[in-house]
Each structure stands twice: as C-alpha cells, then as structure tokens.
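A.B. asks: Numbering (my numbering), first residue to last: 893 to 1177.
Glycine included, C-beta positions come from ideal geometry on N, C-alpha and C.
Being a predicted model, the structure only gives us computed values, none of them experimental.
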Amino acid sequence: MKRKLFFSLCLIFGALNIACGQVQSAWFSYKEVGPKVWQISDNGADNMYLIEGSDSSMLIDDGLGVADILSFARKLTSKPLVIVITHGHPDHAGSDYQFDKVYIQPADSMAARGYNKAEARSGSSSSMLGGRTPAAGDLYKGRILNTRLIPIHEGRIFDLGGRKIEVIETPGHTPGEICLLDISNKLLFTGDNNNGLVWLFLNNCLPLHQYLASLQKQLNRINEFTTILPGHGAPMPSDFINDQVACVKGILDGSLDRKPYQSFAGNAMVCTFGRASVAFNPDNL
Ligand SMILES: [Zn+2]
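1) Nearest-angstrom Cα distance between K894 and A918?
2) In chain order, which alpha helix (DSSP H) runs of at least 4 residues are fully inside the stretch 951 to 993?
3) What does the alpha-carbon distance come out to for the pair M1186 and L1092?
4) Return yes when the Cβ of L1094 is within less than 8 Å of the Cβ of Q1136, no when it is not.
5) Three Cβ pairs or more, each shorter than 8 Å: is that satisfied between the stretch 1148 to 1159 and the stretch 1101 to 1116?
6) If you scan the stretch 995 to 1051 from start to end, which runs of the beta strand (DSSP E) of 3 or more residues do you find wholly inside it?
7) Assuming Q844 and I1060 make a contact with CB atoms under 8 Å, what is their CB distance in whole Å?
8) Which residues mark the beginning and the end of the beta strand (DSSP E) in which F1172 is found?
9) Which of the three DSSP states is assigned to F1132 in this structure?
10) To which residues does DSSP link T1164 through a beta bridge?
11) Determine the extent of the beta strand (DSSP E) in which L1092 is found, giving its start and end residues.
12) Nearer than 7 Å: is that true of the beta carbon of D1084 relative to any heavy atom of ligand 1?
13) Which residues does DSSP pair with C1071 in a beta bridge?
14) Is there at least one non-hydrogen atom of ligand 2 closer than 7 Å to the beta-carbon of H1065?
15) Which one of L956, E1058, K1141 and V974 has the shortest CA to CA distance from G980?
16) Among H1101, G1068, L1021 and S946, which has the Cα closest to the Cα of F1172?
17) Determine the closest residue to M940 out of M1161, A985, I1075 and T969, with distance taken between C-alpha atoms.
18) Would DSSP call G1158 helix, strand or coil?
19) Does the stretch 1038 to 1050 come within contact of the stretch 1011 to 1020, defined as at least 3 CB pairs closer than 8 Å?
20) Measuring alpha carbon to alpha carbon, tell me which residue in S1076, I1036 and F920 is nearest K967.
21) In angstroms, rounded to a whole number, what distance separates the CA positions of G1023 and V994?
22) Give me the residue from F1165, L1144, A1157 and Y1007 with the minimum Cα distance to D1175.
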C-alpha cells in the first residue's frame, strides 16, 4: 500500500513538473517552440526536437550520447517513441546506441555506426563541447544496444496521430542528410542543412553545387512551412533559405568575398550573404 502511494505521488509530482516547465536535468534543457514541439538543448552543443502526436512521439536526432536522452524524453512524453536522425554526424546520431531502433537515410548509416563506438563518442564530444564535460552523475552508463538502423527515403510519411511528418532528402552537408516536415503545423526540422553557418568542407560533404540543388528543392516548397528548426541555433523564418541560396550562388560564381575559416574539424573558406554563412572547400565546388 505504501509502495502504491509512493508511485502515485511520483506520478503526480512528475506531471506537475512538466506543467510548470520544470523538467530537470543536469545536462539537457528544453523549451516549447511549437504546439507540442520541444527543442532540447544537448548542453548547448546541438538541438534535438521532440514532437508529440495523439498516438506517438518523434525524437528528431539524439545528440552527442554523453547523457541519458531517453530518460529525459520520457519526462516530456509518455507516448511510444519513434527516433529519426537527420544525418549521421556524432552530435546528431551519438545516442543511437541507447535505442533498439532508429530511422536514418542509408547513405549515412555507416557514419552513424562508426560514431556510436564509445571511443569515437568521447573524442567527438570533447571537440564539440569545447572543454565542458558532462557532470559526473549524468554521464550515460546505460546498457549498449545492438541498434537497428532502419532505412528511410524521400516521401516517407510518419503518422504520429493527428500530425504527419514527411521525409525530404537534402543531400549536401552529408550524403544522407534529410529534413522532416511537420505538414499541418508548417514546421521544417532541418538538421545541419539550414544553420546560420553551414559546414560544407568536411570530408564526406558533397560538392557545393549539389548542396545548392537541395536548397532550391526546399525553396520550391517554401509555401509548405513557415519556420525552420535547425540542428544548431535558434528557429528561423522560412525566407532564410533565400539568403542561403544567394550565398551559395555567390560562392559558385565568385561574386562574394572569401575569408579563411578555422575550426576543430579543419580549415576552410567562408562566405556570408545576409543572415547565411557557408564554410566550404574551394576544391569541392
Ligand atoms: Zn552535421
């Protein structure tokens, strides 16, 4: 009986926490950025998103993998969880090992598998976190699952119940990069395709003209979304894509000033147009 009372109190307290916006974690924080859409910060390194439908919820990207994202998501939603990864980089797919099933475009499956090895994860998180380390008690030590990576392609629709999410392939930043369109709420979740500064200089990035084709594909559908929810940084209005297209065109035709760009992942050149910057490899246009 006492045990029953204890669990009842826990449930009530948990519900109150969510109602008051006080879901606590030493590592993650969150804010509501749309109707039943939560942006989860991976301690500032990247954004994940949790979307709730009437039947199930979708976690878009699972972060660096240094903390227990599943338990955190469970504080926000009790619906069955579908995990979809925008691309195979370690700050977006690093927690795949915490789930038994993850959806990903197959061109990025190998990368995601590699980054989920413990040693790769610790290397990538130390670069991404700029010296910050997870609080001792929050470093995830859960069991490692033999995660199944389920392939998804252009046009796939996930029906969460009262809300449908469409897969749109946008290769460029990685070969298997996808965006996810919340059709009725006109929200586009964009991974690393539409950040304020997009990296196009990494080894597995496609040539810049192929990235431009993905941006133009988004532009053709711009009436279908009002807000871009990126993998890094704050939400942007949909017309941000116009600046990105102008930026990439300006790189390709040589009309924009090029400046050197340095990062932990390598050196490149960078150009800016309006709100958009693109760091690129001049030998991979
Ligand atoms: Zn990335």
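C.D. replies: Taking the coordinates as given:
1) With a pLDDT of only 45 at K894, under the threshold of 50, the placement of this residue in the model should not be trusted; the figure read from the coordinates follows. The straight-line gap from Cα to Cα measures roughly 30 Å.
2) 961 to 968 and 982 to 985
3) The requested residue 1186 does not occur in the structure, where the chain is confined to residues 893 to 1177.
4) Cβ distance not < 8 Å, so Q1136 and L1094 don't count as in contact.
5) Contact fails between the stretch 1148 to 1159 and the stretch 1101 to 1116, because fewer than three Cβ pairs, one in each stretch, are under 8 Å apart.
6) 1040 to 1043 and 1049 to 1051
7) What is shown of the chain runs 893 to 1177, which leaves residue 844 out entirely.
8) Unbroken beta strand (DSSP E) run through F1172: A1168 to F1172.
9) helix
10) Under DSSP, T1164 forms a beta bridge with S1169.
11) Start and end: L1089 to L1092.
12) A distance criterion of 7 Å places the beta-carbon of D1084 in contact range of ligand 1, judged by its closest non-hydrogen atom.
13) I1060
14) This structure does not include ligand 2; its bound ligands are ligand 1.
15) L956
16) F1172 has its Cα closest to that of H1101, out of H1101, G1068, L1021 and S946.
17) A985
18) strand
19) As far as the Cβ criterion goes, the stretch 1038 to 1050 does not touch the stretch 1011 to 1020, which means the pair count is below three.
20) F920
21) 29 Å
22) L1144
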